[in-house]
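Scroll down for the structure; my scribbles are underneath it.
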Amino acid sequence: MSIPAKFRKTSAVHPTALRRWAASILIMLSALVPASLVAATPSSSSPVSVLVFGGSGQLGSLVVRAALAEGHKVSVFARESSNMQRLQGLPVTVIRGDVREATDVERALKSQSFDIVVDALGRSESGVEFYEQAARHITRAAAATGVKHLIHHGSVGVAESRAAYPPNRFPERSPLFVSKGAAEKLVRDSGITYTIIRNAVLRPLPAGQEDRAQLLEDPLTFGAVSREGVARLTVQCFRDPRCTNRTFHAIDAGIQYQ
Ligand SMILES: NC(=O)c1ccc[n+]([C@@H]2O[C@H](COP(=O)([O-])OP(=O)(O)OC[C@H]3O[C@@H](n4cnc5c(N)ncnc54)[C@H](OP(=O)(O)O)[C@@H]3O)[C@@H](O)[C@H]2O)c1
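Numbering of the sequence shown is given in this note's numbering, commencing with residue 283 and proceeding in unit increments.
Written out as structure tokens, the structure reads:
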């Protein structure tokens, strides 16, 4: 694609003109990839304030790192007992609490104004009802405190994506998917702008392999994806309008899931 002539003739291109030209290219690109967010999708440069539930975990800590790398202001909700090793030395604000306690979640959301909340929780020692309970507490407190965007990490196998899940493995996970389905419903019904990112199988990115994770809207998408890729896509969604009120499946075609 060539640079428009009006921006080409001088070496001192005005920054506003350059931004407009970049914006027009982004609009053209977004028209080409309406249903998927690929690695090249840029995110806005304006920093946001984000609270990450599960920020000390494997996926959550990578979301924290990806958000910090983009210049965002990051807070992490974690228990007194949480292992904070993965966040050591990072400039984050830690808010202590247990997501199963509604008052802990309310206190966290009221501690400052958050633009974005990310739910990257795993249930640790809790039963499967954890996911619905956590989502109930988070959606209530986020709606009450004016959070602008809620990004919820879910699982393939929930609701209409059941058809994508291997039938022989579905029955044992069915109670988990019921709870995760209820959590997704709470998110959709919260009135907050949301993005749901489901994954099926989380695998390490093989050494030396390029991250090619993408978000697809086809609910039959099933495959592996790296936590690094999911974290990158999560942060790209902070300011990408294509993530508004959408449910995606994250997948990296370059990673085997078996
Ligand atoms: N592994 C897979 O292949 C796979 C596949 C599909 C979907 N997923 C989903 O992906 C998500 C993230 O997975 P992950 O492997 O990154 O999880 P993880 O490493 O187990 O992290 C879970 C996080 O949630 C926190 N947490 C648990 N109970 C809490 C509580 N009561 N209050 C506050 N924080 C609590 C944990 O902190 P503590 O240290 O305090 O427990 C930790 O920070 C999960 O929803 C998982 O179900 C995983």
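A virtual CB, placed ideally from N, CA and C, is assigned to each residue, including glycine.
(request) Could you spell out where the alpha helix (DSSP H) holding S408 opens and where it closes? (result) Taking the sequence shown and counting its residues from 1, the one referred to as residue 408 is at position 126. Element bounds for S408: n/a, residue is neither H nor E.
(request) Could you tell me whether the Cβ atoms of Q415 and R455 are closer together than 8 angstroms? (result) Indexing the sequence shown from 1 puts residue 415 at position 133. Indexing the sequence shown from 1 puts residue 455 at position 173. No, Cβ-Cβ distance for Q415 and R455 is not below 8 angstroms.
(request) Determine the closest residue to H354 out of L344, V330, Q367, K467, with distance taken between C-alpha atoms. (result) By one-based count along the sequence shown, residue 354 stands at place 72. Comparing Cα positions, the closest option is V330.
(message) Can you give me the C-alpha to C-alpha distance between V438 and V374, rounded to a whole angstrom?
(response) Translated into positions along the sequence shown, residue 438 becomes position 156. Translated into positions along the sequence shown, residue 374 becomes position 92. C-alpha separation (whole angstroms): 30 angstroms.
(request) Specify, as a first and last residue, the run of the beta strand (DSSP E) that G436 falls within. (result) Stepping through the sequence shown from its first residue, residue 436 is reached at position 154. Residues 431–437.
(request) Kindly give me the distance between the Cβ atoms of A348 and A513, rounded to whole angstroms, as I take these residues to be in contact under 8 angstroms. (result) Reading the sequence shown from its first residue, position 66 is the one you call residue 348. Reading the sequence shown from its first residue, position 231 is the one you call residue 513. Right, the Cβ-Cβ distance comes to about 5 angstroms (below 8 angstroms), so this counts as a contact.
(message) Rounded to whole angstroms, what is the Cα-Cα separation between E467 and Q540?
(response) As a first step, residue 467 is located in the sequence shown; it is residue number 185 there, counting from the start. As a first step, residue 540 is located in the sequence shown; it is residue number 258 there, counting from the start. Inspection of the sequence shows that residue 467 is occupied by Lys rather than by Glu. Distance between the alpha carbons of K467 and Q540: 30 angstroms.
(request) Put Q415 into one of helix, strand or coil per three-state DSSP. (result) Walking along the sequence shown from the start, residue 415 turns up at place 133. It is helical.
(request) Could you round the C-beta distance between L391 and T427 to whole angstroms and report it? I think they count as a contact, below 8 angstroms. (result) Walking along the sequence shown from the start, residue 391 turns up at place 109. Walking along the sequence shown from the start, residue 427 turns up at place 145. Between T427 and L391 the Cβ distance is about 4 angstroms, and since that is below 8 angstroms, they are a contact.
(request) Give the DSSP bridge partners of Q496, in chain order. (result) Residue mapping note: residue 496 aligns to position 214 of the sequence shown, counting from 1. I533, per the DSSP bridge assignment.
(message) I'd like to check one pair, S364 with S338: are the Cβ atoms closer than 8 angstroms?
(response) Against the sequence shown, residue 338 aligns to sequence position 56. Against the sequence shown, residue 364 aligns to sequence position 82. Cβ distance < 8 angstroms, so S338 and S364 count as in contact.
(message) What would DSSP say about F396, mapped onto helix, strand or coil?
(response) Position 114 of the sequence shown, counted from the first residue, corresponds to residue 396. If DSSP states are grouped into helix, strand and coil, F396 belongs with coil.
(request) May I ask you to check if the CB of N481 is nearer than 7 angstroms to at least one heavy atom of ligand 1? (result) Start at 1 with the first residue of the sequence shown, and residue 481 comes out as number 199. Yes, Cβ of N481 sits closer than 7 angstroms to a heavy atom of ligand 1.
(request) Check the DSSP bridge columns for S331 and list the partner residues they point to. (result) Residue numbering aside, residue 331 sits at position 49 when the sequence shown is read from its first letter. Note: S331 sits in a beta bridge opposite K355.
(request) With a threshold of 7 angstroms, establish whether the CB of F359 neighbours any heavy atom of ligand 1. (result) Locating residue 359 in the sequence shown gives position 77, where the first residue counts as 1. It does: the Cβ of F359 is within 7 angstroms (strictly closer) of some heavy atom of ligand 1.
(message) Below 7 angstroms, is the gap between the Cβ of A402 and the nearest heavy atom of ligand 1?
(response) Within the sequence shown, the letter at position 120 stands for residue 402. Yes, since a heavy atom of ligand 1 falls inside the 7 angstroms radius drawn around the Cβ of A402.
(request) Rounded to whole angstroms, what's the CA-CA distance from P501 to H531? Just pull it up for me. (result) The residue labelled residue 501 in the question sits at position 219 within the sequence shown. The residue labelled residue 531 in the question sits at position 249 within the sequence shown. One C-alpha to the other measures close to 7 angstroms.
(request) Pick out whichever of L484, V399, L341 has its Cα sitting closest to the Cα of L369. (result) On the sequence shown, residue 369 is found 87 positions in, with the first residue counted as 1. Among L484, V399, L341, the Cα nearest to that of L369 is on L341.
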